[in-house]
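Remarks on the structure that follows.
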């Protein structure tokens, strides 16, 4: 398969790139700086930003034929790696929403049908399964900005008229790939403090590009 990855230089995005290449897929990754991605067989880096429609177009045109799926692992830039850190002052407004909108617009022009987006537990109906501690954090700390952006992406993607998978990952952790537990879109019965490794998320997202099992769904996932 030909896969376009947005956010491929981030902590989870890098693992999505590695997982895709390990399965023999050809990958184009759109990055702000070519120096952030090591060259290797099967990988074509394109310099640019998903905030610019012309850069998205350039990434689509880097394939011999249009990509069969777009995988998105974008996040709002923060002043540190802490999820409680303030949003970096150079982060554009609607960076996630407009980047996804640009990708979907290009998908329609090039005939690409599917987009797989890394979302988060707590988005949409899954907020009902979030415990009181996490609800307070989502409402009263800097985590609220990411949740609001993911909620907007969720709503806008559902209205876009493309095949989508919105992967509602719970608390992200480092570590190796581990078995993934699937929960319904509302996350019912997920438990008090669920976690999932970024490597597990990467494998799940690549597999979601290969099959139609989760098209039109927003599964909540943990280990």
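Numbering (my numbering), first residue to last: 146 to 368.
Glycine residues also receive a C-beta, built at the ideal position from the N, C-alpha and C atoms.
Since this is a predicted model, take the numbers as computed values, not measurements.
For the candidate residues the options, whose alpha-carbon lies nearest to that of residue i?
i           : options            : result
residue 198 : 162, 168, 315, 252 : 252
residue 208 : 224, 179, 238, 174 : 174
residue 336 : 351, 268, 315      : 315
residue 311 : 181, 259, 344, 169 : 259
residue 345 : 249, 362, 164      : 164
residue 303 : 293, 362, 279      : 362
residue 257 : 193, 168, 210      : 210
residue 255 : 238, 168, 206      : 206
Would you call the CB atoms of residue i and residue j closer than 9 Å?
i           : j           : result
residue 365 : residue 319 : no
residue 176 : residue 191 : yes
residue 195 : residue 219 : yes
residue 301 : residue 360 : no
residue 232 : residue 224 : yes
residue 153 : residue 172 : yes
residue 204 : residue 148 : no
residue 298 : residue 350 : no
residue 247 : residue 201 : yes
residue 274 : residue 266 : yes
List the DSSP bridge partners of residue i.
i           : result
residue 214 : 148, 259
residue 314 : 265, 366
residue 327 : 366
residue 340 : 316
Report, in whole angstroms, the separation of the C-beta atoms of residue i and residue j, which I expect to be a contact under 8 Å.
i           : j           : result
residue 317 : residue 157 : 7 Å
residue 263 : residue 217 : 6 Å
residue 166 : residue 347 : That belief does not hold up - the Cβ atoms of residue 166 and residue 347 are roughly 11 Å apart, past 8 Å.
residue 290 : residue 221 : 6 Å
residue 325 : residue 296 : No, residue 325 and residue 296 are not in contact; Cβ-Cβ is about 23 Å, not under 8 Å.
residue 357 : residue 261 : Not confirmed; about 12 Å, so no contact.
Using a Cβ-Cβ cutoff of less than 6 Å, which residues in the same chain neighbour residue i once the five nearest sequence positions on both sides are dropped?
i           : result
residue 271 : 313, 331, 332, 365
residue 236 : 221, 222
residue 146 : 170, 213
residue 280 : none
residue 292 : 267, 283
Keeping to the same chain, check which residues put their C-beta closer than 7 Å to that of residue i; ignore five residues upstream and five downstream.
i           : result
residue 334 : 328
residue 340 : 315, 316, 318, 367, 368
residue 305 : 249
residue 155 : 218, 220
Ignore the nearest five residues each way along the sequence and tell me which others in residue i's own chain have a CB closer than 8 Å to its CB.
i           : result
residue 288 : 228, 229, 282
residue 342 : 317, 318, 319, 320, 321, 322, 323, 368
residue 162 : 150, 153, 172, 174, 182, 188
residue 185 : 166
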